[in-house]
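For the sequence shown, the positions run 115 to 233 when the numbering used here is used.
For glycine and all other residues, C-beta sits at the position ideal for the given N, C-alpha and C.
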Amino acid sequence: MALAHKPYLNCIRETLTAAMCIQNFGCQVVERHNKPEVEASNTQRSEELLMNPIVIARNENEKVMIEGSINSVRVSIKIKQADEMEEILTKKFTRFLMMRAENFVVLRRKPVEPSKRHA
Numbered sequence: 115m116a117l118a119h120k121p122y123l124n125c126i127r128e129t130l131t132a133a134m135c136i137q138n139f140g141c142q143v144v145e146r147h148n149k150p151e152v153e154a155s156n157t158q159r160s161e162e163l164l165m166n167p168i169v170i171a172r173n174e175n176e177k178v179m180i181e182g183s184i185n186s187v188r189v190s191i192k193i194k195q196a197d198e199m200e201e202i203l204t205k206k207f208t209r210f211l212m213m214r215a216e217n218f219v220v221l222r223r224k225p226v227e228p229s230k231r232h233a
């Protein structure tokens, strides 16, 4: 089972490593703020500062969407929960991330719907 996931997880790791090459970049809309560009609304968004979103999918129920910009990265994770054991593991993984939320600048548990720009 672990060997079957290895190429998928390696692909996610390499993509995240590349996407995490961010820098301190001041917001072009709000003075003296470093607003994350991936969080900016569509009216305030600077398209030249955004990278194309990348979706890495093992199947329909297991996928990761990575949205990068010059000063921030948004990662959306969909984890398969086919049986009770996988639901328990998913809850434990989510709890593990939430306990370390102070290490992240922004961490939310809310699902993100892709905007029309990504469709």
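So if DSSP puts residue i in a beta bridge, which residue, or which two residues, is it bridged to?
{"i": "Gly182", "result": "Val187"}
{"i": "Lys192", "result": "Lys177"}
{"i": "Leu164", "result": "Ser183"}
Going by DSSP, what residue range makes up the beta strand (DSSP E) through residue i?
{"i": "Arg172", "result": "168 to 173"}
Buried or exposed for residue i, going by 16 or more other Cβ atoms inside 10 Å?
{"i": "Ile126", "result": "buried"}
{"i": "Val169", "result": "exposed"}
{"i": "Asn217", "result": "exposed"}
{"i": "Glu181", "result": "buried"}
Tell whether a beta-carbon distance below 8 Å holds between residue i and residue j.
{"i": "Glu151", "j": "Asn124", "result": "no"}
{"i": "Ser183", "j": "Leu164", "result": "yes"}
{"i": "Lys192", "j": "Asn175", "result": "yes"}
{"i": "Val187", "j": "Met134", "result": "yes"}
What are the boundary residues of the alpha helix (DSSP H) that residue i is part of?
{"i": "Met212", "result": "198 to 213"}
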